[in-house]
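Protein chains in written order, with my numbering: chain W, 5 to 468; chain P, 5 to 468; chain U, 131 to 229; chain L, 131 to 229.
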Amino acid sequence: MSAIEHLTQASYLAAAALFVFSLRWLSSPKTARQGVVAGVAGMSLAVFGTLLHPEIVSYTWIVVALVIGTVIGVPLSWVPLTAVPQRTALSHAFGGMAAGLVGTAKYMLWLQDGGLTSFRMFAIIVEVLLGYLTLTGSLMAAGKLQEVLPTRPITYKNQNIFNGLLMLVALASGAYLVWRPETWQLFPVVIVLSLAFGVLLVLPIGGADMPTVISLLNAYAGLAAVAMGFVLDNKLLIVAGALDGSSGFILSVIMCKAMNRSFSNVLFGAFGQVSATAAVGEAKAVKSATPQDVADILENASRVVVIPGYGMAVAQAQHRVRELYEQLAKRGIECRFAIHPVAGRMPGHMNVLLAEAEVPYTALAEMDDINPDMPQVDVAIVVGANDVVNPAARHDKSSPIFGMPIINADRAKTVIAIKRTMNPGFAGIDNELYSADNCLMAFGDAKAVLGDIVKAMSGESGIH
Amino acid sequence: MSAIEHLTQASYLAAAALFVFSLRWLSSPKTARQGVVAGVAGMSLAVFGTLLHPEIVSYTWIVVALVIGTVIGVPLSWVPLTAVPQRTALSHAFGGMAAGLVGTAKYMLWLQDGGLTSFRMFAIIVEVLLGYLTLTGSLMAAGKLQEVLPTRPITYKNQNIFNGLLMLVALASGAYLVWRPETWQLFPVVIVLSLAFGVLLVLPIGGADMPTVISLLNAYAGLAAVAMGFVLDNKLLIVAGALDGSSGFILSVIMCKAMNRSFSNVLFGAFGQVSATAAVGEAKAVKSATPQDVADILENASRVVVIPGYGMAVAQAQHRVRELYEQLAKRGIECRFAIHPVAGRMPGHMNVLLAEAEVPYTALAEMDDINPDMPQVDVAIVVGANDVVNPAARHDKSSPIFGMPIINADRAKTVIAIKRTMNPGFAGIDNELYSADNCLMAFGDAKAVLGDIVKAMSGESGIH
Amino acid sequence: MHTTLDLWSMLFVFMLATFVGFQVIQSVSRLLHTPLMSLTNAISAIAIVGSIIIAGEEKDTTSLILGCVAVAASMTNIVSGFLITDRMLKMFREKGRQQ
Amino acid sequence: MHTTLDLWSMLFVFMLATFVGFQVIQSVSRLLHTPLMSLTNAISAIAIVGSIIIAGEEKDTTSLILGCVAVAASMTNIVSGFLITDRMLKMFREKGRQQ
Ligand SMILES: NC(=O)c1ccc[n+]([C@@H]2O[C@H](COP(=O)([O-])OP(=O)(O)OC[C@H]3O[C@@H](n4cnc5c(N)ncnc54)[C@H](OP(=O)(O)O)[C@@H]3O)[C@@H](O)[C@H]2O)c1
Ligand SMILES: NC(=O)c1ccc[n+]([C@@H]2O[C@H](COP(=O)([O-])OP(=O)(O)OC[C@H]3O[C@@H](n4cnc5c(N)ncnc54)[C@H](OP(=O)(O)O)[C@@H]3O)[C@@H](O)[C@H]2O)c1
């Protein structure tokens, strides 16, 4: 092994260590940006180490490709925060594609020079299958999130049987290829089936269920990188892929738990439609309040908790929320934010939006930390959240969200719920919170209502 | 690679995973015994996988050696708990010896058949150095702990210079061997120097400082196993050795932190005598109490905290402590145990002793958890602890233990300190706690004093 | 012989990396789950390593094209992944603005 | 070539195992630090794997003797380490006796 090769290997080892530190530093917002630096350093080391590779005969096309990638990548990082899920999905698609293409190229090259051992063939099949499946699956997910594709679940008769048959054909072709790698006619079959599979898997899933799907595709993209590592005998790929794979896996498990779905449901059945039980109960009487009323109530409170949800994201109301927070702080009223793990449409959604609006993260509290304090809270303001504050999850065994942990908004002395209508949220079920005695509804778009509340408060702030 | 070899490798992979789980399950006493099962399973798999090795020509001597090992090992596991540190040290000595011997044998074999690459030679040197150093160092530590050897630090003039020179000679011989592995005359030099080194390093350290040394030797034994893994190209050895190494390393860091010593002090300077500043202050007046007094005070308390220390271990008073706990529980008096991380003479010392006496571990509280509650505690009973409750650590900048975290016994309403004399503890400094207004001394052997207290309480328990 | 012994090395690496991954990810702050997604996204674009070799070897036109597309795709992920992660993380502050 | 590529595999394994070790050990309950010491003691006796091969190959008398002594020493650690760990762990209970 030449000195150059040692250098390459050393840079790979260092890159692997840097990636581990990169993720480790995400354990706190204080060290998190350092984590990005470590990640960039690791990636640069890995790329430079690779460019030293003696088998590279020309750099021209590599540089062209790198430039193209940069030119596409930079604007992709400017998307508004509400489009982050789509961007993530798109990015998984690219990752899957890269894995699939490298696997395909390696197959062709080894087919020519006879390097196809059955172990390598096996690794290639896994890489290609996961890669292309991730490509089309993620494109579908991105399309549904961007609402380019219909977001409703698309189902047809015998769907499961059809998918199962296709899967069988793909596995049989793969197995045959491992046995006889030279039957190249089967290789395109595997590719096409993998591509089809990605589409078919995401087709029956509603747009709102995409976050779980995206996390799962994240795990698949990671596993595809691992398989590429086995194909190319490259430990760095295995390490980075495994880190990515476990991240996707853990995030989907967290989402499942917070939504009270079983995990097998995600691995297989997340790929199944969410039964939207549109339980239309008798319309219960609700009390409503004007922004001025809300402002008055807030003025007299000493402890306030804001519970944001998907509606805050839709209305882009996070800046108004921060203004409210400042008004309260000015009066010495304690204001905290109660963040439910699956509030919004992706893990950590609320945190990023509030951070964008410059709410200090020290004011954010996790569900388990704030729930014991809820009975001492004077006013809980629910901003476009619905399912995550539905008390039915605690006691109504027949409810589809029964058992899902919720933020106990109903235990606060007064609850103010800001939403546009009495329509249900993501889970499609009514929320008894709104008809509770201590609950007032402030109907309207979250941004507008909050704006009025803040105006009412700042108008009075001189008097106060 | 034959099927058998694959089987061997598979068993190694499984063993490595089992070892990780084994340690992971130690995170809670509930799963800890499961951890032992995983460890045994991993070790058995590894041994069986190795016995399949096709290069083994005869099993006779292996079986003899295994039987001898078992015959020695079983009685070694019956030692009383107070002798656990010695046993651990002895066991590191065996581990170091095994590494050293295997390294020596491999050197000889490869010297004959010309297999000595400079990489292998390097790994062998590291293995042999760490192995033999651990052997003699651990024997010294065991001897000091068992008080077979003088426990006082043995120092002489120019000690550091002498050690440094020896180290230089050893490193130079090693380096020369890596360059020219065939100069076999140097190999015994390295062995002898390593053996000498182990002795010289532990010589200047007092018996009471042995726990830190033992943890460090634990780390060295682990690293020796890692080096053996590099010599034999065996990943399982590398994994197990790395796990062992990090454990020893972390435990010594924890001890250092809890003793407020810097870590470099441990890596290099722990190998230096602890300056016993026998600060003999003016003898302050102390109040003393009889066991009957203590029993009366306890009867009227509603929250009691017991703070055990090295004296409880010396006096073997843990069973009396449990009886006291039961007497209190019978009266509905809350009784908890405050465990300082370095109370006693090894990490976790108090926990094992109290567990032996069948005190439920749920009654044990860590320092950081109990300190905030101390002002609400009616009686704090200090059983043979001294340094870990010395308030000087909090405020006296000139004290050698300044900055060491302590259990705030002095903040309890009443403190009762059980010890034999006014002599200082391990750190050799006076303890102002004893002369505090709220402190009563119950002089005597911990076992006897506690026995009397319990007797006084149980005598009255009928009346109560 | 060489590739099969190496197979076991790779399995060891995979197993250990998975352990590390699970432990590290579980300790990521919940606050940062969205940036976590984009950061792992960028890291998994390590596929660029394999793509560069395929593209650089220029064994034949097909593999050159496939390799270059893979390089461009991975580079896109790297650039956008790290940039957007940093953009999000910059927003997390202990104190509010001007305070 | 073979041994040097493998060198890097071994370094990867070592690095990852160290990460795993640090994380796993840091999460060990403080209650159990004494049993931890004896358990890692038993695990590091994995040196038995190397010792068995040296002893079993019987290449020459010296290596046979060295190997056998190493096997016996490692086996001692395995047996006593696991037994004493289990003995200690058995004593940790949630409730006191007879309750
Ligand atoms: N975070 C994740 O990772 C994730 C992943 C998958 C699924 N989910 C699911 O998503 C749901 C999240 O719960 P959630 O409470 O955050 O949201 P939700 O239950 O979907 O409710 C959102 C509410 O916001 C209101 N809203 C919409 N636009 C609004 C606007 N412009 N102004 C004011 N209000 C507006 C809607 O009521 P109106 O229409 O009446 O205004 C709706 O009731 C959970 O069921 C969870 O399981 C989350
Ligand atoms: N745990 C570890 O891992 C570790 C490692 C290294 C060093 N250390 C050091 O060890 C010390 C531990 O502190 P500690 O408070 O537990 O112990 P300590 O400070 O050494 O004090 C022990 C006390 O117990 C008393 N004692 C001895 N025999 C007794 C008996 N038979 N009956 C009643 N009392 C008896 C002694 O006083 P009398 O002689 O007056 O009775 C002595 O003051 C710390 O300084 C720590 O840094 C601990």
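Backbone N, C-alpha and C fix where the C-beta goes; we use that ideal spot for every residue, glycine too.
Small disclaimer: the values here were computed from a predicted structure and weren't measured.
Under 8 Å from the C-beta of residue i: neighbouring residues of chain L
i	result
A229/W	The contacting residues do not exist; A229/W stays about 16 Å from chain L at best.
P192/P	Chain L residues near P192/P: none, gap ~13 Å exceeds 8 Å.
L17/W	W138, L141, F142 and M145
Those residues which DSSP pairs with residue i across a bridge
i	result
F191/P	DSSP, once it has assigned bridges, lists no residue as partnering F191/P.
T418/P	V383/P
E338/P	R307/P
S292/W	M445/W
I343/P	E370/P
P312/W	V387/W
Three-state secondary structure assigned by DSSP to residue i
i	result
M371/P	helix
L56/W	coil
P469/P	Past the edges of chain P, shown from 5 to 468, lies residue 469/P, and the structure says nothing about it.
M378/W	helix
R223/U	coil
Y329/P	helix
A446/W	strand
I433/P	strand
K161/W	coil
P79/P	helix
K423/P	strand
Q277/P	Its pLDDT being 43, under 50, Q277/P is placed unreliably by the model, and nothing is read from it.
P215/P	helix
A321/W	coil
S31/W	helix
Inter-residue Cα distance where the pair is residue i and residue j
i	j	result
G100/W	A223/W	11 Å
F23/W	I422/W	42 Å
V469/P	A305/P	Given that chain P is displayed from residue 5 to residue 468, the structure contains no residue 469/P and the question cannot be resolved.
W138/U	K239/P	9 Å
A283/P	G197/L	Its pLDDT being 47, under 50, A283/P is placed unreliably in this model, and the value from its coordinates should be taken loosely. So the alpha carbons of these two residues sit roughly 53 Å apart.
V217/W	V392/P	53 Å
M350/W	S168/U	12 Å
H399/W	F406/W	7 Å
M316/P	A45/P	36 Å
T418/P	S439/P	12 Å
V132/P	L85/P	32 Å
F430/W	D456/W	27 Å
V209/U	G135/W	20 Å
C443/P	I374/P	19 Å
A482/W	D216/U	Here chain W comprises residues numbered 5 to 468, so residue 482/W is not present and cannot be evaluated.
Neighbour list for residue i in chain L, Cβ cutoff strictly below 7 Å
i	result
G226/P	S174
S95/P	N171, N207, S210 and G211
A21/W	M145
Contact list for residue i against chain U, beta-carbon separation under 7 Å
i	result
Q13/P	W138
L146/L	V143, L146, A147 and V150
Under 7 Å by beta carbon: chain W residues contacting residue i
i	result
T215/U	V40
T191/U	What T191/U touches in chain W: nothing, since even the nearest Cβ is about 11 Å away.
Chain-ordered chain U contacts of residue i [CB-CB under 8 Å]
i	result
I242/W	M140, V143, F144 and A147
Partner residues on chain L for residue i, Cβ-Cβ distance less than 9 Å
i	result
V24/W	M145, L146 and F149
Interface partners of residue i on chain U, CB under 9 Å
i	result
L133/P	Going along chain U, no residue has its Cβ under 9 Å from L133/P, so there is no contact; the nearest lies around 26 Å.
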